[in-house]
């Protein structure tokens with residue numbers, strides 16, 4: 585065992601942290617070792633000086649001010665905790681779920697409205713004598729535009745119409 | 105809730121029970137009774153007035169939040185003292201991360217400083233009051249490094265065992281013993297110097 589370990593063991597003995605056979609063996613050794621015995625006395629003296637030696641001090645601010653700071657901090661922390669942990673109340677539930685749904689509904693409504701009012705694009709083609717515009721019998725579901733100049737036929741179909749091959753062939757003819 | 109005069113005359117366990125039930129006035133009375141003690145413990149470790157005030161305030165806030173964990177195994181002031189001590193240790197760790205600790209730097213280059221001092225004998229001095237001695241010990245403590253002073257405060261004032269100090273400081277029992285031994289040697293030397301300077305010893 586080296587010197588440093590012995591010193592630390594003497595300290596442990598002074599502090600009451602060395603007990604049993606180990607403590608007994610060290611006490612026996614100290615009887616014949618002046619240096620360890622002296623160290624034991626020195627450490628015991630320092631311990632005696634330190635007992636209850638913490639210098640009393642008064643808080644360097646007024647008690648009321650100190651309490652105000654503490655109570656303010658407590659309230660602040662409680663507010664934050666409540667904010668994080670509070671379950672959604674009825675009003676909060678409405679705000680959290682209904683508002684986005686209403687928003688999405690409005691957007692859908694807007695798209696629907698726009699698509700209903702979506703007219704066929706203006707192609708800038710003027711109807712003159714050699715052009716022919718045909719409408720189907722009910723003049724609603726199908727509209728055909730033919731231009732002889734460009735050999736183009738444009739057919740607008742409503743998707744709700746029943747596209748039977750024979751009627752489609754009729755229009756294309 | 106009790107009337108206000110009841111708070112100032114109430115026994116501490118009663119105040120704790122009221123505070124646990126949410127009575128802020130009871131807690132205020134507890135703060136009033138123990139604020140100096142909690143501040144002193146914070147100051148002993150940190151040696152900085154502003155930090156000690158802040159940490160003792162934080163300790164009271166934590167105490168309020170954890171009142172339901174206090175079951176009276178230790179006294180209420182001892183329980184509070186543990187809270188403020190833990191906050192101080194956290195603060196020291198935070199500070200340590202921000203700067204190089206001088207003692208550790210020395211250990212890395214030349215071996216532990218604990219081995220390089222001789223123990224001094226300091227006898228209690230006649231004619232020196234307990235208060236005067238306390239002031240000299242306080243001045244000597246202020247000259248120790250954070251980690252050596254902390255071990256002394258935790259052992260001598262907070263009255264923790266080696267094992268508890270090691271756990272709190274995140275180190276081994278051997279390191280605690282070594283730091284405590286060095287700190288005591290330094291304290292003995294510093295006290296002897298100041299007593300000699302004041303002509304109280306030869």
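Chains as they are written, first to last, in this note's numbering: chain D, 585 to 757; chain F, 105 to 306.
Glycine included, every Cβ here is placed at the ideal spot set by N, Cα and C.
Alpha carbon of residue i to alpha carbon of residue j, nearest angstrom
i: residue 297/F; j: residue 586/D; result: 30 Å
i: residue 647/D; j: residue 140/F; result: 10 Å
i: residue 269/F; j: residue 277/F; result: 8 Å
i: residue 193/F; j: residue 233/F; result: 32 Å
i: residue 172/F; j: residue 134/F; result: 15 Å
i: residue 683/D; j: residue 697/D; result: 21 Å
i: residue 305/F; j: residue 147/F; result: 30 Å
i: residue 152/F; j: residue 688/D; result: 58 Å
i: residue 601/D; j: residue 170/F; result: 32 Å
i: residue 622/D; j: residue 662/D; result: 57 Å
i: residue 241/F; j: residue 263/F; result: 17 Å
i: residue 615/D; j: residue 629/D; result: 19 Å
i: residue 730/D; j: residue 686/D; result: 45 Å
i: residue 225/F; j: residue 626/D; result: 5 Å
i: residue 589/D; j: residue 289/F; result: 16 Å
i: residue 608/D; j: residue 299/F; result: 36 Å
i: residue 129/F; j: residue 156/F; result: 24 Å
i: residue 227/F; j: residue 236/F; result: 15 Å
i: residue 150/F; j: residue 132/F; result: 25 Å
i: residue 624/D; j: residue 618/D; result: 10 Å
i: residue 260/F; j: residue 636/D; result: 8 Å
i: residue 641/D; j: residue 136/F; result: 14 Å
i: residue 666/D; j: residue 633/D; result: 50 Å
i: residue 238/F; j: residue 301/F; result: 17 Å
i: residue 138/F; j: residue 303/F; result: 38 Å
i: residue 126/F; j: residue 694/D; result: 54 Å
i: residue 603/D; j: residue 118/F; result: 40 Å
i: residue 664/D; j: residue 112/F; result: 31 Å
i: residue 690/D; j: residue 183/F; result: 59 Å
i: residue 198/F; j: residue 692/D; result: 54 Å
i: residue 120/F; j: residue 110/F; result: 13 Å
i: residue 200/F; j: residue 177/F; result: 33 Å
i: residue 649/D; j: residue 124/F; result: 23 Å
i: residue 652/D; j: residue 154/F; result: 17 Å
i: residue 656/D; j: residue 606/D; result: 54 Å
i: residue 596/D; j: residue 271/F; result: 17 Å
Collapsed DSSP secondary structure at residue i in the structure displayed
i: residue 190/F; result: helix
i: residue 736/D; result: strand
i: residue 152/F; result: coil
i: residue 586/D; result: coil
i: residue 294/F; result: helix
Short Cβ contact (8 Å threshold) for residue i with residue j
i: residue 280/F; j: residue 638/D; result: no
i: residue 77/F; j: residue 223/F; result: As displayed, chain F neither begins before 105 nor continues past 306, which places residue 77/F out of reach and without an answer.
i: residue 116/F; j: residue 180/F; result: yes
i: residue 620/D; j: residue 613/D; result: yes
i: residue 610/D; j: residue 598/D; result: no
i: residue 658/D; j: residue 122/F; result: no
i: residue 252/F; j: residue 287/F; result: yes
i: residue 282/F; j: residue 592/D; result: yes
i: residue 257/F; j: residue 284/F; result: no
i: residue 250/F; j: residue 196/F; result: yes
Any chain B beta carbon closer than 8 Å to residue i
i: residue 614/D; result: In the structure shown, chain B cannot be found, because the protein chains are D and F.
Contact test: residue i Cβ vs the ligand ZN heavy atom, cutoff 7 Å
i: residue 261/F; result: With respect to small molecules bound, the structure shown includes none, and the ligand ZN cannot be examined in it.
task = Could you please tell me which residues of the region 618-632 of chain D, in chain order, have their CB closer than 9 Å to any CB of chain F?
result = 622, 623, 625, 626, 627, 629, 630, 631, 632
query = Taking three-plus beta-carbon pairs below 8 Å as touching, is the region 187-200 of chain F in contact with the region 150-164 of chain F?
reply = yes
query = Does the region 236-254 of chain F come within contact of the region 286-294 of chain F, defined as at least 3 CB pairs closer than 8 Å?
reply = Using a Cβ-Cβ distance cut-off of 8 Å, the region 236-254 of chain F and the region 286-294 of chain F are in contact, since at least three pairs of beta carbons, one from each stretch, lie closer than that value.
query = What are the residues of the region 643-658 of chain D that lie near chain F, defined by any Cβ-Cβ distance shorter than 8 Å?
reply = 643, 644, 645, 647, 650, 651, 653, 654, 655, 657, 658
key: Against chain D: residues of the region 134-151 of chain F by CB proximity under 9 Å   = 135, 136, 139, 140, 141, 142, 143, 144, 145, 147, 148
query = Taking Cβ-Cβ distances below 8 Å as the criterion, which residues of the region 274-292 of chain F are in contact with chain D?
reply = 278, 281, 282, 284, 285, 288, 291, 292
query = Of all the residues that make up the region 161-190 of chain F, which are near chain D by a beta-carbon distance shorter than 8 Å?
reply = Of all residues in the region 161-190 of chain F, 161, 162, 164, 165, 168, 169 have a Cβ within less than 8 Å of some Cβ in chain D.
query = Residues in the region 238-252 of chain F with C-beta within 8 Å of chain D's C-beta atoms, listed in sequence order?
reply = 238, 239, 241, 242
message = Under 7 Å, CB to CB, which of the residues in the region 591-603 of chain D have a partner in chain F?
response = 591, 592, 595, 596, 601
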